[in-house]
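Taking it in order: structure first as structure tokens, then the write-up.
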């Protein structure tokens with residue numbers, strides 16, 4: 001995926017012009033106008049008010065909201081997307097009622113000023129700060145994190161004015177088909193959060209940690225730890241000489257319930273051990289154990305909530321995620337690609353049943369020469385789950401996944 005559009009947006013933000021950021025169709029499926037907060041003025045804010053919902057927010061790094069003494073609006077939020085609103089604010093001086101375009105421009109620009117202090121703001125007010133998650137779009141693919149990442153990458157104060165774009169009659173959100181026409185009409189650059197993620201992956205990098213010899217039930221592996229820009233910890237388990245030929249590689253997403261607690265709801269633990277056994281039998285190969293992938297990337301708490309919906313409402317693993325407002329699969333494989341590159345591996349034989357994993361690795365720059373299936377025996381508890389993976393997610397599994 002090219003990052004040319006990210007570079008264009010960075011140039012536009014540096015010039016004080018707004019850009020449009022699109023998120024995933026499976027998430028909010030919305031377009032936001034984004035401006036570096038430090039460049040907010042009455043004309044630009046008036047433009048925002050004309051073409052957006054008017055609910056103006058300023059995304060800030062967590063450390064900035066702490067420094068400005070801006071507590072979260074809700075301590076225990078129930079928003080499935082995890083939008084972290086703080087208390088609302090106005091500038092403590094230079095405003096009247098706080099609601100006009102001029103007044104809000106003053107407050108927004110103040111939030112974008114690195115010298116702004118807690119006493120420069122009054123609470124409540126008419127501008128909504130948002131607390132961005134550490135790690136930016138690499139940890140949460142939201143407009144909050146995207147705007148902070150863009151402003152920081154542009155060399156500006158990491159504070160972004162954002163607001164959702166709406167239709168001219170203000171009755172609905174601006175459809176994707178209309179975004180490009182709007183951008184052309186107003187000369188605005190457009191970028192997707194996926195493109196920002198790719199840019200961050202290519203510029204953030206990984207930190208390589210210690211290596212040790214790890215004896216397992218399946219043989220010996222060299223275990224090396226890697227830490228991502230988000231703080232996620234990954235492990236590469238290398239068996240044999242992976243420099244010769246095309247090694248067998250299992251890219252395994254962490255699963256506390258399956259890998260550690262031996263849950264029978266999924267096949268994760270069985271797949272992990274089967275992969276380790278196949279690799280040692282082949283006398284060469286790698287298991288990449290990826291942190292931050294719990295629940296196909298939605299996190300442990302959301303995964304358990306999805307399990308609850310499966311139990312109480314009879315939803316399958318796909319519909320349970322969607323009912324929570326979460327993606328069916330939120331995993332990213334750029335860290336896996338970076339680890340393989342660090343190990344000097346360019347071509348792999350992928351040990352997987354998942355076509356989306358193959359596509360994600362190829363998109364991240366990994367050469368996948370072939371795919372090797374990974375079959376594990378179904379259980380009464382995971383037969384329906386396996387059938388859903390086969391029928392709705394395209395996994396290559398044996399035709400009969402039911403249990404006799």
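Residue numbers (UniProt numbering): 1 to 404.
We treat Cβ as the ideally placed atom computed from N, Cα and C, and that holds for glycine.
Taking every protein chain shown into account, the CB of residue 116 has 16 or more other CB atoms within 10 angstroms, so this residue is buried. In the same chain as residue 158, and ignoring 5 residues on each side of it, the C-beta atoms closer than 6 Å to its own belong to 61, 148, 151 and 152, in chain order. When C-alpha distances from residue 108 are compared across 127, 131 and 278, the shortest belongs to 127. Shortest Cα-Cα distance from residue 23 to any of 135, 195 and 139 involves 195. Counting along the chain, residue 32 sits inside the beta strand (DSSP E) bounded by residues 31 to 36.
The region 369 to 376 and the region 260 to 277 touch, with no fewer than 3 CB-CB distances between them shorter than 8 Å. For residue 162, no alpha helix (DSSP H) run applies; the uninterrupted beta strand (DSSP E) run containing it begins and ends at 160 to 164, by DSSP.
At the C-beta level, residue 188 and residue 339 stay beyond 8 Å of one another. Pairing residue 198 with residue 388 gives a Cβ-Cβ distance that is not under 8 Å. The beta carbon of residue 267 is closer than 7 Å to those of 376, 382 and 386 in its chain, skipping five residues each way along the sequence.
Collapsing the DSSP output to three states places residue 333 in coil. Residue environment analysis places residue 215 among the exposed positions, since fewer than 16 neighbouring C-beta atoms fall within 10 angstroms of its C-beta.
The DSSP-derived three-state label of residue 253 is strand. Within the DSSP secondary-structure output, residue 222 pairs in a beta bridge with 213 and 238. DSSP assignment within the region 142 to 206 yields the following whole beta strand (DSSP E) runs of 3 residues or more, N-terminal first: 160 to 164 and 190 to 192. Here the region 284 to 291 makes contact with the region 230 to 249; the two share three or more CB pairs at distances below 8 Å. For residue 90, there is no enclosing alpha helix (DSSP H); the enclosing beta strand (DSSP E) has its first and last residue at 89 to 91.
Only residues of its own chain outside the window of five on either side were considered, and among them 246, 347, 348 and 349 have a CB closer than 8 Å to the CB of residue 369, listed in chain order.
Residue environment analysis places residue 352 among the buried positions, since at least 16 neighbouring C-beta atoms fall within 10 angstroms of its C-beta.
The beta-carbon distance between residue 130 and residue 59, rounded to whole angstroms, is 5 Å. This is short enough to meet the 8 Å contact definition. For residue 250, same chain residues with a beta-carbon under 6 Å away, outside a window of 5 residues either side, are 275, 287 and 351 in chain order.
For residue 73, there is no enclosing beta strand (DSSP E), since its DSSP letter is neither H nor E.
Per DSSP, the beta-bridge partners of residue 348 are 368. Per DSSP, the unbroken alpha helix (DSSP H) holding residue 282 starts and ends at 268 to 282. For residue 57, the enclosing beta strand (DSSP E) covers residues 57 to 61. Looking at the DSSP output, residue 52 shares a beta bridge with 165.
Contact between residue 37 and residue 160 holds, since their C-beta atoms are separated by about 6 Å, short of 8 Å.
Here residue 387 carries a helix assignment [DSSP, helix/strand/coil].
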